[in-house]
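Residue numbers (our numbering): 424 to 590.
First up is the structure itself, then whatever we jot down about it.
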Ligand code: NI
């Protein structure tokens with residue numbers, strides 16, 4: 424495994440549409456393993472392939488809603504599609520490609536995603552709260568959509584410093 428460079432906001436690749444994953448081979452597994460290492464080292468909760476310069480429909484999301492004592496696990500999603508969404512959450516969101524920038528984005532509170540695993544097997548997975556937000560955010564990356572285009576506003580320096588959002 425190796426870490427890969429995370430592209431930042433000025434890179435045109437971030438705004439392009441990714442192609443479906445069709446071949447579930449060792450090269451794909453290498454990409455996913457590298458993305459996992461990159462994500463774990465970054466301290467983020469999700470990473471999309473275009474963020475490491477690969478325009479393929481592959482994302483990783485860390486499921487953080489786990490019972491105490493259990494390890495957080497990385498969910499690999501190939502060709503993911505949101506098939507159900509419900510509720511609403513409004514809150515601060517950031518992105519590894521936009522270091523130190525956060526904005527208010529409204530997302531569904533719960534989503535269900537249909538995707539394929541690294542061997543091509545189809546599965547569905549649901550997430551709530553931060554996990555739901557992360558599914559939406561990462562899947563948006565596959566269509567070249569970044570969170571700043573969905574923000575109602577960015578957080579101010581003051582809000583970032585005191586950790587409180589002024590309504
Ligand atoms: Ni992002």
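Even for Gly, the Cβ is constructed at its ideal location relative to N, Cα and C.
Rounded straight-line distance, which links the Cα of residue j to that of residue i
i           : j           : result
residue 445 : residue 493 : 33 Å
residue 471 : residue 465 : 13 Å
residue 575 : residue 527 : 6 Å
residue 475 : residue 443 : 16 Å
residue 428 : residue 454 : 12 Å
residue 536 : residue 506 : 6 Å
residue 555 : residue 515 : 14 Å
residue 508 : residue 517 : 21 Å
residue 437 : residue 479 : 12 Å
residue 565 : residue 484 : 14 Å
residue 487 : residue 549 : 13 Å
residue 534 : residue 578 : 25 Å
residue 457 : residue 584 : 32 Å
residue 448 : residue 435 : 27 Å
Residue i, DSSP secondary structure in three states
i           : result
residue 435 : helix
residue 443 : coil
residue 449 : helix
residue 455 : helix
residue 502 : strand
residue 428 : coil
residue 588 : coil
residue 491 : coil
residue 566 : coil
Residues bridged to residue i [DSSP beta-bridge criterion]
i           : result
residue 397 : Residue 397 lies beyond the range of the chain shown here (424 to 590); nothing can be said about it.
residue 526 : 516 and 577
residue 479 : 442
residue 508 : 534
residue 471 : 482
Residue environment, residue i, which counts as buried when at least 16 other CB atoms sit within 10 Å
i           : result
residue 502 : buried
residue 424 : exposed
residue 489 : exposed
residue 525 : buried
residue 530 : buried
residue 560 : buried
beta-carbon residue i near ligand 2 non-hydrogen atom, thresh 7 Å
i           : result
residue 520 : Questions concerning ligand 2 fall outside what the structure shown contains, since the ligands it does hold are ligand 1.
Which ranges would you report for the beta strand (DSSP E) in the stretch 527-560 if only whole runs of at least 3 residues count?
Within the stretch 527-560, complete beta strand (DSSP E) segments of at least 3 residues are found at 533-539 and 545-551, given in chain order.
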